[in-house]
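Peer 1: If you're matching them up, the sequences are chains A and B in order.
So in numbering that gives the first Met the number 0, spot 76 of the first sequence is number 75, and the numbers just go up one at a time.
So in numbering that gives the first Met the number 0, spot 98 of the second sequence is number 97, and the numbers just go up one at a time.
We put the beta carbon where it would ideally sit given N, CA and C, even for glycine.
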Amino acid sequence: MPSRKGTAAASRDPVQGLVADLLVGDKRAAAKLISLIEDDEPEATDALARIHPHTGRAHVVGFTGPPGVGKSSLINRLVRTYSGRGKKIGVVAVDPTSPYTGGAVLGDRIRMADTGMDPGVFIRSMATRGHAGGLALATFDAVRVLDALGMDLVFVETVGAGQSEVEIATRAHTTVVVEMPMTGDAVQTMKAGILEIGDVYVVNKVDLGAADLLVANLKFQLQARDGWTPPVLRTAAVDGRGIEELADALRKHASHLDQTGLRRKRELARARLEILENAQRLLTRRVAEDSQSGRGFDRLAEEVAARRMDPHSAAKRLLKPVRRASK
Amino acid sequence: MPIPKKIRVLIAKPGLDGHDRGAKVVARALRDAGMEVIYTGLRQTPEDIVEAAIQEDVDAIGLSCLSGAHMTLFPEVVKLLKKRKSGNIVVAGGGIIPEEDVPKLKKAGIKVVFGPGTPLRDIVAFFETAGKGA
C-alpha cells in the first residue's frame with residue numbers, strides 16, 4: 000500500500016526505526032509495532048514485511064481451554080520456570096471483545112503480575128475485536144513481533160474457549176489443552192473439537208480432587224497422531240505442582256517436531272492458511288470499499304431481498320469486477 | 000474503511016490497599032464505552048505499572064489509591080514514564096484524595112484527580128479525550 004509514503008516523508012520512515020529498535024530487543028518498539036498491526040494501520044504491511052525475515056526462531060505454544068481453568072496462572076508458572084533457566088519468553092493473551100460496545104476488559108495480566116517485570120519477559124493483552132475462533136486477527140502477527148524481539152518461546156493464550164475454538168492448533172507449534180476436574184462425564188471427553196487438538200493435555204486444579212476420572216477419560220479418548228501420543232498431565236498452578244513435568248513435555252514435543260520433520264510441515268500449513276487469510280481480507284476490504292461507493296452492492300441486496308436473485312449468485316456477480324481487475 | 004483507533008487504558012492499583020471496587024467499576028464503564036481496558040490487579044509497584052503500560056502500549060493510565068500513599072506513588076509513575084520515553088501516556092488519579100493534595104498532584108503531572116462521587120460519564124469523557132490526543 001503506497002498511499003501514505005508522500006505525507007510521511009517528512010518524519011523519515013518511523014516504521015524502519017521501530018523495526019531496527021525491535022531487532023536490538025527494545026520492548027517499547029515491540030509494543031508500538033503490535034499496536035500498528037492490531038489497528039491495521041497502512042504502515043503495518045511494510046512493518047510485517049521487514050519483520051518476517053527475522054522470525055522463525057521462537058517455539059510457539061498455544062494454550063486453550065474453558066474460561067477459568069487456569070490458563071493464565073499456568074502460563075505464569077511456566078514463565079517463571081523458563082526465565083529461571085535463562086530463557087526469554089513472550090506471551091500474547093487474548094480476551095473477548097464485547098459484541099455490543101466493542102470494548103473489552105483484559106484481565107490475564109493479573110495472573111502474571113509477578114513475572115511482568117522480568118527483563119526477559121514480554122506480555123501483551125489482546126482483545127478479539129470481533130474475530131471468532133478464540134484468537135484475534137492480529138494474534139499471530141504479534142507473535143511474529145515477539146519472535147523478532149528475540150524470544151525463545153512465545154505462549155499464546157486463547158480466550159476461554161468452548162468446544163469448537165480450534166484455530167490455535169493450526170498456528171502454534173505445540174498446542175496445550177487445559178481442563179479441570181468436575182466439568183462433565185465421559186461423554187464430554189468423547190466430543191469432537193477442542194479435545195482433539197492437543198499435543199499436550201493438562202488437568203489443572205488437581206488440588207480440588209476428583210482428577211483421576213478426567214485423566215482416565217482423556218487417556219481413553221486420546222490417540223497417537225504423527226507418531227506422538229499426547230501426554231495427560233496433572234498440575235495445580237496454585238502451588239506449582241506438575242509445572243516441571245509440563246515444561247518437560249513441551250520440550251519433548253518440540254524435539255519430536257524437529258526429529259520427524261513435523262515442524263516444517265506445520266510451518267507450511269500455517270503459511271498456506273496465512274496467505275489465504277490475507278487474500279480473503281484484501282478481497283473483503285475491496286468488496287466493502289466498492290459497496291460503500293454504492294456501486295452494485297445495494298442493487299444486488301435489493302435483488303436478493305426481492306427474491307429475484309439468490310445470495311450465491313449475487314456474490315459471484317459482486318466479485319466479477321475484482322477478478323477482471325486482477326488479470 | 001478507516002476503523003477508529005481503539006483507546007487502550009491501563010487501570011492499576013499502586014501500593015498496598017486492597018480495595019478495588021472503584022477500579023473495577025471504572026474499568027467496566029470504560030469497557031462499556033468501547034475501550035480496551037487492561038486491569039493488572041492489586042498491590043502493584045510504580046515500576047510494575049510503567050512496565051505494563053509500555054508493553055501494552057496504552058494511551059492512558061488510571062491509578063486508584065485509597066491508602067493515603069498517593070503523594071508518593073502517583074508522581075513516581077509519572078516520573079518513571081518520562082524516564083522510559085513514554086511521557087506521552089496520560090495519567091489520571093482517583094480514590095480517597097484530600098483536596099489540598101490535588102494541586103500538588105497536578106503539578107507533578109497527574110492530569111486529573113477523580114474523587115468519590117465523580118459521575119462515570121466524566122471519567123469516560125476524560126479517557127476518550129486522552130485516547131484521541133495520543
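(1) Quick check on the DSSP output: the alpha helix (DSSP H) that includes residue 30 of chain B runs from which residue to which?
(2) Looking at chain B, which residues of the segment 115-148 of chain A have a Cβ within less than 7 Å of any of its Cβ atoms?
(3) Mind pulling the alpha helix (DSSP H) runs of 4 or more residues that sit fully within the segment 222-297 of chain A?
(4) Do residue 138 of chain A and residue 96 of chain A have their beta-carbon atoms positioned less than 8 Å apart in this structure?
(5) For chain A, find out if any of its Cβ atoms is closer than 8 Å to the Cβ of residue 36 of chain B; answer yes or no.
(6) Using the DSSP secondary-structure output, state which residues sit across from residue 63 of chain B in a beta bridge.
(7) Please tell me whether residue 32 of chain B has its Cβ less than 8 Å away from any Cβ of chain A.
(8) Specify whether the segment 64-74 of chain B and the segment 3-21 of chain B touch according to this definition: at least 3 beta carbon pairs, one from each stretch, less than 8 Å apart.
(9) Cβ of residue 115 of chain A within 8 Å of Cβ of residue 35 of chain B?
(10) Where do the ends of the beta strand (DSSP E) carrying residue 329 of chain A lie?
(11) Would you mind listing the alpha helix (DSSP H) stretches within the segment 4-44 of chain A that are 4+ residues and don't spill past its ends, in chain order?
(12) I'd like to know whether the C-beta of residue 47 of chain B is nearer than 8 Å to at least one C-beta of chain A.
(13) What did DSSP end up calling residue 13 of chain B once you bin it into helix, strand or coil?
(14) Please compile the residues from chain B whose C-beta is within a distance smaller than 8 Å of the C-beta of residue 33 of chain A.
(15) Taking 7 Å as the limit between beta carbons, can you name the residues of its chain near residue 53 of chain B, skipping five residues before and five after?
(16) From residue 252 of chain A to residue 61 of chain A, what does the alpha carbon distance come to, in whole angstroms?
(17) Taking only beta carbons into account, state which residues of the segment 62-94 of chain B come closer than 8 Å to chain A, listed in chain order.
(18) Where does residue 74 of chain B land, buried or exposed, given buried means 16+ other C-beta within 10 angstroms?
(19) Measure the C-alpha to C-alpha separation of residue 226 of chain A and residue 283 of chain A and round it to an integer number of angstroms.
(20) So residue 201 of chain A packs on residue 232 of chain A, CB below 8 Å; how close in whole Å?
(21) Going straight from the alpha carbon of residue 224 of chain A to that of residue 182 of chain A, what length do you get?
(22) To the nearest whole angstrom, what separates the beta carbons of residue 37 of chain B and residue 71 of chain A, a pair I think is in contact under 8 Å?
(23) So what's residue 81 of chain A in DSSP terms, helix, strand or just coil?
(24) Is the Cβ-Cβ distance between residue 29 of chain A and residue 148 of chain A less than 8 Å?
Peer 2: Well, looking at it:
(1) Taking the first residue of the second sequence as position 1, residue 30 of chain B is located at position 31. Unbroken alpha helix (DSSP H) run through residue 30 of chain B: 20-31.
(2) 115, 116, 121, 122, 123, 124, 126
(3) 242-259, 261-291
(4) Locating residue 96 of chain A in the first sequence gives position 97, counting from the first residue. Locating residue 138 of chain A in the first sequence gives position 139, counting from the first residue. No; because the gap between Cβ atoms is not below 8 Å, this pair is not in contact.
(5) Along the second sequence, read from residue 1 onward, the residue named residue 36 of chain B stands at position 37. With 8 Å as the cut-off, residue 36 of chain B counts as an interface residue toward chain A.
(6) Here residue 63 of chain B refers to the residue found at position 64 when the second sequence is read from its first residue. Paired residue(s): B:93.
(7) Position 33 of the second sequence, counted from the first residue, corresponds to residue 32 of chain B. It does; some Cβ of chain A falls within 8 Å.
(8) yes
(9) Within the first sequence, the letter at position 116 stands for residue 115 of chain A. Within the second sequence, the letter at position 36 stands for residue 35 of chain B. No. Outside cutoff.
(10) The requested residue 329 of chain A is not part of the displayed model; chain A covers only 0 to 326.
(11) 4-7, 13-22, 26-37
(12) As a first step, residue 47 of chain B is located in the second sequence; it is residue number 48 there, counting from the start. Residue 47 of chain B counts as touching chain A.
(13) Here residue 13 of chain B is taken as the residue at index 14 of the second sequence, counted from 1. In this structure, residue 13 of chain B counts as strand in the three-state DSSP scheme.
(14) For this step, residue 33 of chain A is matched to residue 34 along the first sequence. Within chain B, the residues near residue 33 of chain A are 56.
(15) Residue mapping note: residue 53 of chain B aligns to position 54 of the second sequence, counting from 1. Taken in chain order, the residues that qualify are 83, 85.
(16) Numbered from its first residue, the first sequence carries residue 252 of chain A at position 253. Numbered from its first residue, the first sequence carries residue 61 of chain A at position 62. So the two alpha carbons sit approximately 13 Å from each other.
(17) 83, 84, 85
(18) Residue numbering aside, residue 74 of chain B sits at position 75 when the second sequence is read from its first letter. Buried.
(19) By one-based count along the first sequence, residue 226 of chain A stands at place 227. By one-based count along the first sequence, residue 283 of chain A stands at place 284. Using only the alpha carbons, I get a separation of about 39 Å.
(20) Along the first sequence, read from residue 1 onward, the residue named residue 201 of chain A stands at position 202. Along the first sequence, read from residue 1 onward, the residue named residue 232 of chain A stands at position 233. About 5 Å; that satisfies the 8 Å criterion.
(21) Within the first sequence, numbered from 1, the residue matching residue 224 of chain A stands at position 225. Within the first sequence, numbered from 1, the residue matching residue 182 of chain A stands at position 183. About 26 Å.
(22) Position 38 of the second sequence, counted from the first residue, corresponds to residue 37 of chain B. Position 72 of the first sequence, counted from the first residue, corresponds to residue 71 of chain A. Going by Cβ atoms, the distance from residue 37 of chain B to residue 71 of chain A rounds to 13 Å, so no, they are not a contact pair.
(23) On the first sequence, residue 81 of chain A is found 82 positions in, with the first residue counted as 1. Reduced to three states, the DSSP call for residue 81 of chain A is helix.
(24) The residue labelled residue 29 of chain A in the question sits at position 30 within the first sequence. The residue labelled residue 148 of chain A in the question sits at position 149 within the first sequence. Yes, these two residues count as a Cβ contact at 8 Å.
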